[in-house]
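Number of protein chains: 2
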Amino acid sequence: MDQTIVEGIIKKVMDQMGDAKTEGAARCGDAIPVELSGRHVHLCEEDIQELFGAPLTYVKELSQPGQYLCKERVRLIGPSGVIDNVAVLGPARPKSQVELSLTDARILGIKAPVRQSGDVAGTPGIVLTSGTGLAGLQEGVIVAARHIHMSPADAAKYGVADNQKVDVHMDGNRPAVFKDVIIRVHKDFRLAMHIDFDEANSCGLGKNARGKIVGLTQEA
Amino acid sequence: MDQTIVEGIIKKVMDQMGDAKTEGAARCGDAIPVELSGRHVHLCEEDIQELFGAPLTYVKELSQPGQYLCKERVRLIGPSGVIDNVAVLGPARPKSQVELSLTDARILGIKAPVRQSGDVAGTPGIVLTSGTGLAGLQEGVIVAARHIHMSPADAAKYGVADNQKVDVHMDGNRPAVFKDVIIRVHKDFRLAMHIDFDEANSCGLGKNARGKIVGLTQEA
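First to last, the protein sequences are chains F and E.
Under the working numbering, the first sequence has 226 at position 99, and the numbering climbs by one with no breaks.
Under the working numbering, the second sequence has 305 at position 178, and the numbering climbs by one with no breaks.
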């Protein structure tokens, strides 16, 4: 058989295998800036009144447009511990929500589940104090699921869609690939991956850390 | 051209690609039990005398043969914080060593590097107290690099060698693949992967967690 025919067939097989590998997979584009989320709370209007008796005080804009850090701070009180001086983010939300790392949750003695922001039904409650006021949350304590904010244009560029889960290679000095990283697409979102400090520490991430999408997460 | 010839060629190409993929790669065997290492110290004879004025008191065997938990506890004192009630492991070692998570290091205000156990040259120092004694370490504070203890028989089974680095898929509820996991082979080692609590929390590992070797870590 002619050698060129064999080479042609081999090339065709290789090409097809290459296609099969990338089909349905996210495109590996530019690295994505990683931001570390410390513990913080979002408050509803009623809890803001109970805690501070006045509206929240704007301090500075955060990376996602419209979100801001406030001057107010709260104490988190759980069954087995207390964490002071916790950041309050504005604006007010329909429901109060407390976002912790699993390390924080262990200190407080609260079994916080890993959830997307806003998905608080059936989660544990907590007590918040401000020095002058107190608010008891029936539910709302979560560990935020790792996620990437992006605009529709970025989603198109990376070949991903809202709510898809991707694998992301983290470039710290303890390298790791995080799976189940949720894509969140909104026209107002700025490109940023959000992880907590447990996640950052586990891969030794410093400032200006970046992550690279390496594929869609395959179901185990 | 005869269809069977084409199929023969395709099979040969696929086989060769399969070989190329597994060549030099660790074999993916049974899942490996994962043990979480909390912060702890190993002490040299001199520091044991300074802290306790007496030998260490055996309490119970740990997973690696010959290593044991002691009754004694120490306080860690760093530039920006203190951590109490820290476990002391026996037997005495030639050099004292303090193993922390990056979360612990941040609390103490110590820039601890990620190192293999025993590799403490040039690492930061710390002060230890016991309630009755005090020891100042010139160096010895590390974040232990994640690793897998295994016997020579296990190393053969998994197709890996001492000091190789592997990728390990962690089966927690926040799934991840840890890279640069160091293989440590010794005839007395019992099969176990050791990670710290930052790493465990980042993948939501509970009790009886397991990891699966998925390949050798490729240099980035």
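Glycine included, C-beta positions come from ideal geometry on N, C-alpha and C.
Check whether residue i and residue j have beta carbons under 9 Å apart
i, j, result
"Gly338/E", "Ala153/E", "no"
"Ala303/E", "His296/E", "yes"
"Gly208/E", "Asp323/E", "no"
"Cys171/E", "Tyr185/E", "no"
"Ser244/E", "Ala219/E", "no"
"His169/E", "Val213/E", "no"
"Pro240/E", "Thr250/E", "yes"
"Glu177/E", "Ala288/E", "no"
"Glu173/F", "Leu183/F", "no"
"Leu318/E", "Ile175/E", "no"
Contacts of residue i in chain F (Cβ-Cβ under 7 Å)
i, result
"Asp325/E", "Asp325, Asn328 and Ser329"
Distance between beta carbons of residue j and residue i, contact taken as under 8 Å
i, j, result
"Gly328/F", "Leu229/E", "In the sequence as presented, Gly is not what sits at residue 328/F; that position holds Asn. Right, the Cβ-Cβ distance comes to about 4 Å (below 8 Å), so this counts as a contact."
"Ile275/F", "Leu203/F", "Contact flag wrong, Cβ pair sits at about 27 Å."
"Met320/E", "Glu162/E", "7 Å"
"Gly180/E", "Gly260/E", "6 Å"
CB contact check: residue i to chain E, cutoff 9 Å
i, result
"Lys334/F", "no"
"Leu212/F", "Note that residue 212/F is Asn in the sequence shown here, rather than Leu. Answer no: the Cβ-Cβ gap between Asn212/F and chain E never drops below 9 Å."
"Thr344/F", "yes"
"Asp294/F", "yes"
"Arg117/F", "In the structure as shown, chain F begins at 128 and stops at 347. Residue 117/F is therefore absent and cannot be evaluated."
"Ile269/F", "no"
Other residues of its chain near residue i: CB distance less than 8 Å, five sequence neighbours each side excluded
i, result
"Lys292/E", "Lys306, Asp307, Val308, Ile309, Ile310, Leu343 and Thr344"
"Leu216/F", "His167, Val168, His169, Leu189, Gln194, Tyr195, Leu196 and Cys197"
"Ile210/F", "Arg166, Arg202, Leu203, Asp231, Ile234 and Leu235"
"Arg242/F", "Thr250, Ile269, Val270, Ala271 and Ala272"
Residue i at chain F interface by Cβ criterion, 9 Å
i, result
"Glu150/E", "Confidence is the limiting factor: at Glu150/E the pLDDT is only 41, short of 50, which leaves the residue's position unreliable, though a coordinate-based value still follows. Closer than 9 Å: no."
"Arg242/E", "no"
"Lys222/E", "no"
"Arg202/E", "no"
"Ala248/E", "no"
"Ala118/E", "Outside the shown range of chain E, which is 128 to 347, sits residue 118/E, and nothing can be said about it."
"Lys284/E", "no"
Partner residues on chain F for residue i, Cβ-Cβ distance less than 8 Å
i, result
"Ser228/E", "Asn328"
Contacts that residue i makes with chain E (C-beta to C-beta distance below 9 Å)
i, result
"Asn290/F", "Those within 9 Å of Asn290/F in chain E number zero; the least Cβ separation is about 17 Å."
Contact list for residue i against chain E, beta-carbon separation under 7 Å
i, result
"Ala303/F", "Ala303, Val304, Phe305 and Lys306"
Close beta carbons around residue i, own chain, < 7 Å, minus the five adjacent residues each side
i, result
"Phe316/E", "Gln191, His276, Met277 and Ser278"
"Gly205/F", "Leu235, Gly236, Ile237 and Ile253"
"Asp325/F", "Ser228, Leu229 and Thr230"
"Lys284/E", "Gly156"
"Gly286/E", "Ala153 and Arg154"
"Asp281/E", "Leu318"
"Lys222/E", "Cys171, Val247 and Gly267"
Neighbourhood of residue i by C-beta, 6 Å cutoff - its chain only, sequence neighbours within 5 removed
i, result
"Lys334/E", "none"
"Ala336/E", "Val161"
"Asp298/F", "Arg337"
"Gln224/E", "His169, Val247 and Gly267"
"Gln265/E", "Gly252"
"Asn300/E", "Gly331"
"Asp354/E", "No information on residue 354/E is available, as it lies outside the stretch 128 to 347 that chain E covers here."
Contact test: residue i Cβ vs the ligand NAD heavy atom, cutoff 8 Å
i, result
"Thr259/E", "Ligands displayed in this structure: none; no statement on the ligand NAD is therefore possible."
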